[in-house]
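Chains as they are written, first to last, in our numbering: chain Z, 42 to 432; chain U, 2 to 313. C-beta: ideal position from N, C-alpha, C; glycine also. To keep things clear, I will list the structure first and then write my remarks on it.
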Amino acid sequence: MKYGKYLVFVLVVSLVVMGSLLAGCGGGGGDETTTTAAPSGAAFKFGLAGPMTGQYANYGASHKAGADIAVEELNAVGGVNGGEVSYVTGDDLGDPKEAVLVAQKFIDDKDVLFVNGHMFSGATLAAGPKYDAAGLPMMSPSATNPDITDLGAYVWRICMTDAVQGEGLAKYSVDTLGYSKIAIMHSDNDYGRGLADAYEDAVKAAGGEIVAREQYTDGDNEFKAQLTKIKQAEPELLFLSGYYPEGSKIAQQAVELGLQVQMLGSDGFASDELAILGGASVEGMLVSTFFDYSKPDEDVQAFVTAYKAKNDDANPDWFAASAYDVIMLIASAATEAGSNDRGAVNEAIAAMDGYDGITGRIEFDENGDVIKPLNIVVVKDGELSTAPQQP
Amino acid sequence: MEYLLQQLINGLMLGCLYALIAVAYTMVYGIIELINFAFGELFMFGAFIAIAMTSQQITLFGQNVSMPAMTFFLAVPIAMAVVGLMGVFIERIAYRPLRAAPRLAALISAIGMSILLANLAQAIFGSKQVKFPDIPLFTSADGFTKAFTLGGAQITYLQVFVLCMTVVVMIGLTMFVKHTRLGRAMRASAQDKQTSALMGVNVNRVIALTFLIGSAIGALAGSLYGAVYSFARPDMGFIPGLKAFIAAVLGGIGNIPGAFLGGIVLGMAESLGAAYLPMGSQYRDAFAFVILILLLTFKPSGLLGSPISEKA
């Protein structure tokens, strides 16, 4: 069996290669400081934490692009409490281990007033306790894990948890849209599964029926076996919980199999890339999002215009909008407090009644979790526009 | 019944894609006995070149570049030619210098090549998923993939095209290896390089030719895979490369009809496993490995392979 041993060796090597390809990309984080002119008051300087390089760098890029617009706007009106607005970036690669190092760097920099980030739940769970112990407020734009706000009084976020989103989408499906036979297809990662679980429970509670539930692995390309099963169950609505690269293919293959059903995608689908990749087959798909760029509100459109001007005419995604909202929210808290001081700012955030951001009205409950409306958009002519029926 | 038929067709079509890659894989393996880890990357380059040629515009190194937007049926031969030459070049710089070295050295060189090519693709095409332009012949006017119904099961025209291509390539290669002078030289070199050289076979040239053909078919498989799933991404070649390797081993490594059969068996197993086993869709990637382990235990030479005699 010399031959067989050789094959086993090859399989082991290939697993190692797969691992290193997944983990490897992107080495040291290049950190940079932007604009530091002579401030008249204490500077309003913050840390911007997220994956700036590596395989998740596209999320970090959106985060930074949104933050840049907030910084520019605030400086145009004289800064915050007379202090110039600037930031330092901390590259966590989306990795919990790196996130702890980034947290230490920000804590040691006494000029850093708060941290905008981290973006991912894993990174936030790792770094959160350090910020809390050091008394440096941090606010995540996008970490949805339920445990995050239990980390301490200095840890905030402005996105709703997966459980809250799942429940909201279930009510929307059953009560607003009036569907009763619903199928679920979800990614097998924590996000996709957690959201699908919450959705399934809430659909049943609302009197709907789950006729099929299938899953897939991120990076899969072939979904026809699962979709054929779903087709047999004859659902009225197919809820997809995952990300758009797989979602666009699921929609395409559903059409190829003749499965004609209304689809509803989770917030991981909320990107113009969905429409670019999916083409005709994603037209009419409903998508849950934390930011609807087609909303006619004045401040939303001002942000979209500013973003497009700086980013090749691309529409901002909800990561960019949330990064903007975090800064604007804390700037308004600091103005209320009247000083650019870590402790005073944290107290002012806790004392806020609510804040009207471009991602909707943000209110914190006693735990620091956010209460916020859900937006539904529909794919129409290759763009995401406000769906006719809102939750 | 309709359900079973649809799942069988899903499996057959998936199997065809695996088979096409496996045929190319097994040919190269058969002659140099090296797992060409860079194969998945050549497959990926095939898809990207086909996309670049059929697009109006594409982003290269972060810059927008105008492209000829030629027809798919012209773009694929170009992709095959370019990737075929890449394969020859890789063999020349990464494998030939190590031919006399222990197997492990060549294997490590192959892994290095694979990582190099994947990162090169990421630098050139970016890390985002790129859409494969619709092929007019297989797409209806309103942008959907054209399909027809057979006994209640849906089949797309593109899938039929892939099926035909796979069968043609499999038969063509089998004929080539069995009935031409060059094919005979290939088989001879595979058995014993030294003796073949003594008999006047230019072994280096034969191996280069094997890489040319194998890589070109890899590119064909890549562009068809990209077209079927409508995308390309720098890491797209890894899993199909692994599955093709399994398919090739299943069929009996080095055996071309065997690789075809292995691919079909694998596709069917994944599709039917996901369809009928409880929680099947969760474990579909595991089926391939389970089948491989069972086969290696009970019939290590593969479905159509002849018993293996270790070569000197």
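Under the DSSP definition of a beta bridge, asparagine 186 of chain Z lacks any partner. Counting along the chain, tyrosine 396 of chain Z sits inside no alpha helix (DSSP H); it lies in the beta strand (DSSP E) bounded by residues 396 to 398. Interface annotation, serine 56 of chain U: not in contact with chain Z, CB-CB separation never under 8 angstroms. DSSP assignment within the region 239 to 294 of chain Z yields the following whole alpha helix (DSSP H) runs of 4 residues or more, N-terminal first: 265 to 273. Here the alpha carbon of phenylalanine 62 of chain U sits roughly 29 angstroms from the alpha carbon of glutamate 113 of chain Z.
According to the DSSP assignment, valine 419 of chain Z belongs to the beta strand (DSSP E) that extends over 416 to 421. Chain order gives the chain U residues near lysine 265 of chain Z as Asn11, where near means a beta carbon separation below 7 angstroms.
In the three-state reduction of the DSSP assignment, threonine 427 of chain Z falls in the strand class, which pools E and B. Remark: C-beta atoms of asparagine 122 of chain Z and asparagine 381 of chain Z approach each other more closely than 8 angstroms.
In the pairwise beta carbon analysis, the region 246 to 256 of chain Z is classified as touching the region 216 to 231 of chain Z: at least three pairs are separated by under 8 angstroms. Per the DSSP secondary-structure output, isoleucine 240 of chain U pairs with nothing in a beta bridge. Using a CB distance below 9 angstroms, the part of the region 80 to 105 of chain Z facing chain U consists of Gln96, Ala98 and Asn99, ordered along the chain. Using a CB distance below 7 angstroms, the part of the region 281 to 292 of chain Z facing chain U consists of Pro286 and Lys290, ordered along the chain. According to the DSSP secondary-structure assignment, glutamate 404 of chain Z is paired through a beta bridge with Z/Ile412. When C-beta distances to chain U are compared with 7 angstroms, the residues of the region 319 to 338 of chain Z below that value are Gly320, Ala321 and Ser322, in chain order. For isoleucine 225 of chain Z, no Cβ of chain U is located within less than 8 angstroms of the residue's own Cβ. Going by beta carbons, isoleucine 52 of chain U and glycine 227 of chain U fall inside the 8 angstroms limit. The beta carbon of tyrosine 97 of chain Z sits closer than 6 angstroms to those of Gly135, all from its chain and outside the five residues before and after it, given in chain order.
Residue burial is scored here from C-beta neighbours: lysine 270 of chain Z has at least 16 other C-beta atoms within 10 angstroms and is therefore classed as buried. Collapsing the DSSP output to three states places asparagine 116 of chain Z in a helix. Closer than 8 angstroms at the C-beta level to chain U, one finds these residues of the region 298 to 314 of chain Z: Leu298, Gly299 and Glu314.
When the Cα atoms are used, isoleucine 148 of chain Z and leucine 327 of chain Z turn out to be separated by approximately 42 angstroms.
Scanning chain Z for C-beta atoms nearer than 9 angstroms to the C-beta of glycine 252 of chain U yields nothing, as the closest lies near 14 angstroms away.
Taking a contact as a CB-CB distance under 8 angstroms, the pair serine 216 of chain U and lysine 132 of chain U does not count as one, their CB atoms being some 25 angstroms apart.
By the beta-carbon neighbour count (other beta carbons within 10 angstroms, threshold 16), phenylalanine 73 of chain U is buried. Going by DSSP, threonine 27 of chain U is part of the alpha helix (DSSP H) stretching over 3 to 33. Non-local C-beta neighbours of glutamate 277 of chain Z in its own chain, meaning closer than 6 angstroms and more than five positions away in sequence, comprise Tyr220 and Lys222, ordered along the chain. In this structure, the alpha-carbon of threonine 27 of chain U lies about 32 angstroms from that of leucine 268 of chain Z. Bounds of the beta strand (DSSP E) holding histidine 227 of chain Z are 222 to 228. Annotated as proximal: isoleucine 189 of chain Z and glycine 169 of chain Z, with beta-carbon spacing under 8 angstroms.
For the pair glycine 238 of chain U and glycine 41 of chain U, the CB atoms are nearer than the 8 angstroms cut-off.
Secondary structure note for arginine 198 of chain Z: its beta strand (DSSP E) is the uninterrupted segment 196 to 198.
In chain order, Ala292, Gln293 and Val296 place their CB closer than 6 angstroms to the CB of serine 322 of chain Z, counting only its own chain and leaving out the 5 sequence neighbours on each side.
If you draw a 10 Å sphere on the C-beta of serine 110 of chain U, you find 16 or more other C-beta atoms in it, and that means buried. By a beta-carbon distance limit of 8 angstroms, aspartate 132 of chain Z does not contact alanine 164 of chain Z. Their separation comes to about 11 angstroms. The bridge partners DSSP lists for glycine 124 of chain Z are Z/Val121.
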